[in-house]
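Numbering (the working numbering), first residue to last: 1 to 319. Here the structure is laid out as structure tokens; the discussion comes afterwards.
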């Protein structure tokens with residue numbers, strides 16, 4: 001697991017704290033952690049505990065406590081570990097430490113194998129749009145193979161947990177501190193979340209033909225590392241059960257077509273559209289994290305604009 005090197009740039013206070021936590025936790029487990037460096041700093045901070053080939057994911061913005069974090073992380077480690085054990089193309093939990101979250105100072109950390117990424121995307125805003133579309137269409141095709149593997153996962157998982165209950169606390173926090181949202185925005189968001197609660201409680205009643213199975217949970221086409229040995233899926237922290245359409249949000253029409261060709265099965269466009277709306281609501285809820293990371297606001301504003309421009313999410317006419 002690797003991202004562009006930020007070792008020569010000034011670290012945020014959040015990243016400095018993550019390095020401190022990761023180093024202490026790593027040494028507690030017998031790792032050297034002599035030259036830790038930050039690889040990535042957004043919703044999580046990724047710390048490479050060099051010289052050991054271990055990357056620690058530190059949830060720096062989480063609203064939940066360590067107990068809740070660890071509960072989700074155990075699902076992630078179980079699924080990613082099972083996939084790795086079967087030879088699937090995924091970033092493995094580190095074999096140098098136990099496959100368990102590590103709690104330290106109110107944060108729950110996970111440990112992953114360090115891999116070297118090649119042909120990294122860099123700044124998407126600076127990339128050629130056609131090249132970007134080609135890349136994500138190809139990776140959407142790879143997602144079909146990942147889904148075939150995940151369909152065999154034997155463990156139990158909650159249904160669409162990145163939505164319900166995860167979005168609820170972010171909307172509650174935004175009701176207290178709205179950021180850029182109006183009262184009308186918040187009312188709409190809460191109505192949409194109530195509709196999602198109903199959907200998640202009985203998905204077959206609304207989409208009886210939906211293909212439900214174990215999913216990556218966080219747009220796997222966007223969570224792929226290209227390495228010398230091939231591609232690796234990463235970041236299974238939102239692993240869940242649900243319809244395959246949840247994993248296909250944001251890939252665009254060409255990505256959906258590539259997935260259908262690779263999987264040999266059609267995608268339900270009505271369900272996909274509903275999941276797209278749910279993904280935008282989830283991203284809008286992330287405004288609750290802006291007080292912890294003000295740099296998020298300009299990143300999220302275009303998504304909020306997209307969410308406002310869509311018709312409100314509703315279950316009317318379904319089922």
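Even glycine gets a Cβ: it sits at the ideal position worked out from N, Cα and C.
Grab me the residues of residue i's own chain with a C-beta within less than 6 Å of its C-beta, minus the 5 sequence neighbours each way, in chain order.
i	result
residue 179	287 and 290
residue 17	none
residue 84	90 and 92
residue 111	54, 56, 94 and 97
residue 207	271
residue 170	285 and 288
residue 173	288
residue 318	206
residue 155	78
residue 29	97
residue 250	219
residue 74	none
residue 283	303
Tell me the residue span of the beta strand (DSSP E) that contains residue i.
i	result
residue 40	35-41
residue 45	45-50
residue 103	102-104
residue 87	Element bounds for residue 87: n/a, residue is neither H nor E.
residue 324	As shown, the chain starts at 1 and ends at 319. That puts residue 324 outside it, with no answer to give.
CB-CB under 7 Å to residue i, same chain, minus the five flanking residues each way: which ones, in chain order?
i	result
residue 103	66 and 70
residue 267	245, 248, 256, 259 and 260
residue 164	196, 197 and 200
residue 274	313
residue 105	21
residue 254	133 and 137
residue 279	249 and 250
residue 181	174 and 287
Which residue or residues does DSSP assign as beta-bridge partners of residue i?
i	result
residue 110	57
residue 231	226
residue 93	112
residue 242	213
Return the first residue and the last residue of the alpha helix (DSSP H) that residue i is part of.
i	result
residue 314	Segment: none, residue 314 is in no alpha helix (DSSP H) and carries neither H nor E.
residue 252	252-263
residue 303	296-309
residue 21	13-28
Using a Cβ-Cβ cut-off of 8 Å (strictly less than) and excluding sequence neighbours within five positions of residue i, which residues of its own chain qualify?
i	result
residue 159	200, 203, 212, 240, 241 and 242
residue 113	1, 53, 54, 55, 91, 92, 93, 94 and 95
residue 147	213, 215, 244, 247 and 263
residue 265	211
Check whether the region 59-68 touches the region 88-99, taking contact to mean three or more Cβ pairs, one atom from each stretch, closer than 8 Å.
No: fewer than three Cβ pairs fall under 8 Å.
Count Cβ pairs between the region 74-88 and the region 42-52 that sit closer than 8 Å; are there 3 or more?
With the cut-off at 8 Å, the region 74-88 and the region 42-52 do not touch.
If contact is defined by three or more beta carbon pairs under 8 Å, each pair taking one atom from either stretch, is the region 252-260 in contact with the region 136-151?
The answer is yes - the region 252-260 touches the region 136-151, with three or more Cβ pairs under 8 Å.
Contact between the region 25-37 and the region 186-204 is defined here as three or more beta-carbon pairs at a separation below 8 Å; is this criterion met?
No: fewer than three Cβ pairs fall under 8 Å.
In the region 141-227, which residue ranges form an unbroken alpha helix (DSSP H) of at least 4 residues, counting only runs that do not cross its ends?
You should have 167-176, 183-201 and 203-206.
Between the region 293-303 and the region 183-190, are three or more C-beta pairs nearer than 8 Å?
At 8 Å Cβ cutoff, the stretches do not touch.
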